[in-house]
Each structure stands twice: as C-alpha cells, then as structure tokens.
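Protein chains in written order, with full-length UniProt numbering: chain Z, 1 to 248; chain Y, 1 to 212. Inspection log for the structure reproduced underneath, given as structure tokens.
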C-alpha cells in the first residue's frame, strides 16, 4: 500500500498552517489620538487614528459617523492599488465601528506601510483594529484578518510571504469578527445557529480558484483566526493600566 | 441579577437584552447599581457636570465656540457668567484658556457650557491667566483629581508652592511664581502617569534634588 504524503516545502520551514511571528504594540505615536503597529514576520504596518472630529464629507450620511482611510505606501506615489486598499479597509472598519454614537463626525485612519513581505492588507486591518481600540472609538467587536494562499496541488497555506504570494496561483484575504467572551449562555449569541465568530466581514480574492477551494480556504482561515483572536486579546489586555484607586 | 434596574455608564451599551462593551478598559462597579468601563484616552467624551479646560476658538453673537478635545466644538453662551448681562459681555480673544462646566451633552445636539456653578456663582470658573497648559490623557486627569490627594501632588506640594487647574478632558494648567517651578511641576505630572504611588514619590524627590 502506497501512502503518498504531499508536503509543501515552504522556504522558511513553516508548516502550511503555521502563522508567522506576531507582534503588536499600542500608543506609539505622540500626536495621534490612537496608534498601533502590527507585524507578521517581516511585514510591518503602522496605523494612526485621529478623531472623532466634527463634520462629515459631502456625500456621507450626517446621521452617522464617517470613517476616512488614507493609505501611505512605503515608496512611490499613490495609485489605484492604494485606493483599492483604502476602500476595502473603509468598508471593513465601517462594519466594525458603532457609527451612531457620534453622528456627524469623521474619524481618520492613516495606514503607513513600513515593510511589505506578503499579507499586507490583513496586517493593515489588524493594525487599524488595534489603533481604534487605542483611540477609544466605540466598536461592536474586534476583527482579525488572515491571508490564505492556494498552492498548485490544491493545498491551502496560511500567511504567505511575498515570494509565496507571487508564485502561487491564487490567494484570498479574509476578515472574521473576534471571538466573544461573555457570561451569557452559548445560545444567546448565535446568529442563525452558528457562533458569532463564524461570520465573515470581508473577503478579497486574487487569482482563479474553484468554489470548493474557496470554502476550504474559509475553513482553514476560520480555524487560524481563533489563534489570532487570542493574541489580539492578550496584547490589548497587557497595555490597559491597572488603577489602584477609584473615584465614586 | 434579574429584575434589577442597572445604570450603564460610559463604554457600555444595551443591545436588545444583552449588555455589550464598546471600549477597552477596566469594568467598574459602584453600589448600588452603576456599571461603567474606565479607560484612559487622548480624546474626551463629554458628560454633564464635568469641569473641563477649554480654548476659545471663535466668538459669535450669542455664544463663544470652545474646543474641549471632544468630537465637536462646544458653545459657551455669552450670558453664562455671574452677573452677566448684555452690557458686560466678557471679551475673550481667540486662544484664551477657560475653566468651564458642561451643562448639556446630548447626542446630536450642540454641547453647552457655563462659567457658573449650578447656583449661579462664579466659583473659580472663567479665564485662566498666565501659567502653562499641557495636554495629557483623561486617565491622568482622573488620577490627579482623586479624593485622597494623589502622591505626586502631595510630594510636590510639600516643597513647592504652585497652583493647578485640572480639566477632566485631559488638560492641566500650572501656575507658579517662577518659570522653573512651573516646568518642574509640569514634568513631574507628565511623568507620573504610569507610575505607582511609591514610584511617584521617588521620582519627585529625584527631580527636586536635581534642582536644589
């Protein structure tokens, strides 16, 4: 009996499901109202949040808060790719934030790419989420983003670096809501019979893939998002200062 | 816990039957039934009754427009001063620092301020002259206004004489006889945000030793 094991050799020796080393730090910029930097392996993104500030843009609904995203690439001028990233980020963050708390205001988020080594958009979404928490913008839930890449053999590998992204035939960026910790029983938080974190906020695909392959990527991404959720929660908890005295 | 009326403070919201949290911070409880999430931010969320330091940005016919580090400019009515009438409207230049109290803070409506306390007396509200103002986070302001005096202010008060005004929106104003005292007090307060009580006292002593 011949058992064939198809092993993908990744250049840096990771297994297909292994994520790169994550690092997150908050409150790094002096003048921004909230800031965070997120790095996955060599990819590093800096996010700064300013706001909420009075007034909305012309075409926006004044009954809700407006979110404005500015993407600054590491080198070169701003082009169509950057505008696309801005649009994806804006839609994702609009879904995450509670827009009715401060109507008729604008919150600006500025993303600065420090280094691009694959999975840039998920890294930026994670950084933007941490920066929004640092600025105290009211949020419905946190979000974790991950990149799933499809190899020729049909295997899914997570968190590719730049060479892998360019070489392999298709990849997809997925954003899931963070897992919820609550004191309510399990059933109360489910939407349509599934737990909250199985929902999906954003999905951006590049390249050709079949429907089955896409659902396979979704599954793998969902499983990995639990790890990212834990990491995000831990790193945000560490930086909350503990207060020894309280008023009132 | 059922059948109890709970008051939700900042950072919490009610979502049909579940209470969910909007911001990252420490969940606090005060008897009998108040819950809120305490966090320290650079921006300020206005609440009725808070005393803040504002900067005059513009003056209109009926109101002064004041910036209090919130999501919108606040309005200070021209008559909201002790003994204020149409004949003795104060003239504030753009950039004047004023100590005010928040009167109305409803969502969607303009924020309203006042330079008198609830009974109509001036009570230290109004423009602050001379001195130096610096900005920090709301958590630091709350720490400075704590009921047993915060260790950094106690330690500084034993050796130096100065005057401070703390706004709950993260602005602090310091005034003293000489500029070096002002700088010393301002630096001590800015450094004390993430230190514990004992560390604050040690930090203040080191600063004072370097000067004397």
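Glycine included, C-beta positions come from ideal geometry on N, C-alpha and C. Since we're looking at a predicted model, the values are computed, not measured.
Item                                                                                                                            : Value
Minimum C-alpha distance to residue 162 of chain Y - residue among Y/209, Y/6, Y/188 and Y/26                                   : Y/188
7 Å Cβ shell around residue 100 of chain Z - same chain, five flanking residues per side excluded                               : 64
Within chain Y, the residues that residue 57 of chain Z reaches when beta carbons sit closer than 9 Å                           : None at all; the shortest Cβ gap to chain Y is about 16 Å.
Secondary structure of residue 13 of chain Y, DSSP reduced to three states                                                      : strand
Min CB distance residue 198 of chain Z to chain Y below 8 Å                                                                     : no
Coarse secondary structure for residue 202 of chain Y, derived from DSSP in three states                                        : helix
contact_flag[the segment 113-131 of chain Z, the segment 29-47 of chain Z] where n(CB pairs < 8 Å) is 3 or more                 : yes
Per-residue burial, residue 102 of chain Z [other beta carbons within 10 Å of its own, 16 or more giving buried]                : buried
Chain Y contact for residue 52 of chain Z (CB, 8 Å cutoff)                                                                      : yes
Proximity to residue 174 of chain Y [Cα-Cα], best of Y/160, Y/200 and Y/132                                                     : Y/132
Sheet register partners of residue 177 of chain Z (DSSP bridge)                                                                 : Z/143
Residue from Z/130, Z/68, Z/93 and Z/134 whose Cα sits closest to the Cα of residue 106 of chain Z                              : Z/68
Those residues which DSSP pairs with residue 125 of chain Z across a bridge                                                     : Bridge partners of residue 125 of chain Z: none, in fact.
Helix, strand or coil at residue 63 of chain Z [DSSP, three-state]                                                              : coil
Proximity of residue 190 of chain Y and residue 134 of chain Y at Cβ, strictly below 8 Å                                        : yes
Supposed close pair residue 169 of chain Y, residue 52 of chain Y - CB separation, criterion 8 Å                                : 4 Å
Listed by chain order, chain Y residues near residue 133 of chain Z by CB distance under 9 Å                                    : 23 and 24
First through last residue of the alpha helix (DSSP H) which encompasses residue 85 of chain Z                                  : 80-96
Contacting residues, own chain, Cβ-Cβ under 6 Å from residue 224 of chain Y (five flanking each side not counted)               : This structure cannot speak to residue 224 of chain Y, because chain Y is shown only from 1 to 212.
CB of residue 152 of chain Y within 8 Å of CB of residue 180 of chain Y, strictly                                               : no
CB contact below 8 Å: residue 228 of chain Z versus chain Y                                                                     : no
Residue 77 of chain Y, enclosing beta strand (DSSP E) - first and last residue                                                  : 74-77
Partners in chain Z for residue 107 of chain Y, counting only beta-carbon separations shorter than 9 Å                          : 100, 101, 102 and 103
At least three beta-carbon pairs within less than 8 Å, the segment 25-44 of chain Y to the segment 79-86 of chain Y             : no
Outcome for residue 47 of chain Y when other beta-carbon atoms lying within 10 angstroms are tallied against a minimum of 16    : exposed
Burial state of residue 6 of chain Y (16 or more Cβ within 10 Å)                                                                : exposed
Residue 108 of chain Y - DSSP class collapsed to helix/strand/coil                                                              : coil
The segment 165-178 of chain Z touching the segment 135-151 of chain Z, judged by at least three CB pairs closer than 8 Å       : yes
From Y/140, Y/116 and Y/89, residue whose alpha carbon lies closest to that of residue 195 of chain Y                           : Y/140
Any C-beta of chain Z under 8 Å from that of residue 192 of chain Y                                                             : no
Other residues of its chain near residue 130 of chain Y: CB distance less than 7 Å, five sequence neighbours each side excluded : 175
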